[in-house]
Structures are given as C-alpha cells and as structure tokens.
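Enquirer:
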Amino acid sequence: MKFFIDTANIDEIKKGVEMGMVDGVTTNPSLIARENKPFEKILKEICKVVDGPVSAEVVSLEAEAMVKEAKVLAALSDKIVIKIPMIMEGMKAVKKLTSMGIKTNVTLVFSASQALLAAKAGATFVSPFVGRLDDIGQRGMELINEIMTVYRNYDFHSEVIVASIRNPLHVMDAAMIGADIATIPLKVIEQLAQHPLTNIGVEQFLADWEKRKK
Ligand code: E4P
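The opening position of the sequence shown corresponds to residue 577 in our numbering, with each subsequent residue numbered one higher.
Okay, structure coming up:
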C-alpha cells in the first residue's frame, strides 16, 4: 500500500519523507491557499523533496481551459499529476491529457458510477473522499469496496487513492480492502505508529536495563 501525504506544507512533507512514509503528495486549492506562497513555487519545492507523484489541481471548469492549465503545471516536473474535478468537462480533459501522456488524478469522487467514468476516461488515479461521506452520514469505506470491485471486474488500471482521511481507522479499513493508495495528513501518519502498550513496554525495558548488575 502506498502512502501519499495530503498537504502542501513543505515542513510536514519533509517530516513524512524523513520517516520514510511518503510515496507521493496530494494537494488541493484549499491546502495550497493555506501556504501563502505562489502555487508554482510550492510545487517546485515539493517536487525537490519527494520521490513520487505530486498532485496539483486545476481550477478551470471547462475542458479546454483545464488542459491549458495542466500543460503549464505538468511542465514544472515529470512528477506532477494533474488533479481534475469529477465533472463531465473534467472527463473530457482527462481523456485529452491521457492521450498527451500527462498523468491525471480525478478528484471529488463520491460514487462508484463517477469512479467508473473516471477509469473509462483513462485516469491514472481516482480519489474517492471517505471522510466527507462519513461527515454526511454515508459510509465512505463502502464506496472504496464498490470501486475496488468494479475496477477488479474489468481490470481497470486507474489506481484508487483513498482521500479525505481523518483517522487511523480509515487507513486500516482501506488497507483491509486492498486500496492501492491512501493520502493521509501527517497527524494521522503519526497516529498510525502510536500504541500505549508500546510506550509502556519501552519504559519498562529501559527501567530494567538501568537496574541490571554492571
Ligand atoms: C486529497 O486528494 C483531497 O483533496 C483531500 O484528501 C480532501 O480532504 P478533506 O476532506 O479533509 O478536505
């Protein structure tokens, strides 16, 4: 299972990379806006420290304009993946970008039918948002199950990025289903390592070590 880190903050990305837990990065316009730096500068910095795909989202809503934006972003680095919203104009853009050899990540996916369209358009990655579904009382993880089943049935090659992850259970449920990738905030990556019995065990071992006869 690949871990992407879900942030545009370079310090968080560096921490994740040092842990050896970052196989790629996802950003979105909200995450970029928090950084108060020019978009392209942020992307270049991220591409320097990460060895893997870096998703950068377009903000146009028409296919032609999306492709134009995508070309500029893709020229920054061959690590850049173009994030495209799951709308019909977006699907047109994905088809075009795929034919040009530019990788895409279809975002804001909330149903299996949307994921089916994204795969048919040739998306490299598809990002269903589990946390936002849970927030409105729908089971996000059921969507992941459905998408994985559809993709396996037809041997689609789009990789599923489980997105909008809020807690370690989201990551583990996604892993149990066999999702290709989880894109995870740094805080949740850190939470995955935590267990109180580990801390108690470490303290006990160190205390016993200090007591040994020298
Ligand atoms: C990643 O691709 C998404 O943009 C991100 O996971 C959304 O997360 P949120 O629902 O916590 O904003």
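Built from N, CA and C at the ideal position, the CB exists for glycine as well.
Could you tell me whether any non-hydrogen atom of the ligand E4P is closer than 7 Å to the CB of D599?
Expert: If you number the sequence shown from 1, residue 599 lands on position 23. No, the beta carbon of D599 sits no closer than 7 Å to any heavy atom of the ligand E4P.
Enquirer: Which residues are close to the ligand E4P, meaning CB closer than 6 Å to any heavy atom, in chain order?
Expert: Cβ atoms closer than 6 Å to the ligand E4P belong to D582, T602, N604, T683, S703, F705, G707, R708, A739, S740, T759.
Enquirer: Where are the alpha helix (DSSP H) runs, 4 residues long or more, that stay fully inside the region 693–720, in chain order?
Expert: Counting only runs of 4 or more, we get 706–711.
Enquirer: Buried or exposed: where does Y730 fall if 16 or more other Cβ atoms within 10 Å of its Cβ makes it buried?
Expert: In the sequence shown, counting from the first residue as 1, residue 730 sits at position 154. Answer is exposed; the Cβ neighbour count stays below 16.
Enquirer: Going by C-alpha to C-alpha distance, which of D582, A632, D711, T583 sits closest to V682?
Expert: The residue given as residue 682 occupies position 106 in the sequence shown. The option with the nearest alpha carbon to V682 is A632.
Enquirer: Under a three-way DSSP split, which group does S631 fall into?
Expert: For the purposes of this step, residue 631 is taken as residue 55 along the sequence shown, with counting starting at 1. Strand at S631.
Enquirer: Looking at the unbroken beta strand (DSSP E) that takes in G600, where does it start and where does it end?
Expert: Stepping through the sequence shown from its first residue, residue 600 is reached at position 24. Where G600 is concerned, the enclosing beta strand (DSSP E) stretches over 600–602.
Enquirer: With a threshold of 6 Å on Cβ separation, who are the neighbours of K668 within its own chain once the five nearest residues in sequence on each side are excluded?
Expert: Position 92 of the sequence shown, counted from the start, is the residue given in the question as residue 668. Once the five neighbours on either side are set aside, the close Cβ partners of K668 are A639.
Enquirer: Whose C-beta lies closer than 7 Å to the C-beta of I608 among residues of the same chain, with five residues either side of it excluded?
Expert: Indexing the sequence shown from 1 puts residue 608 at position 32. The residues are A584, F615, I618.
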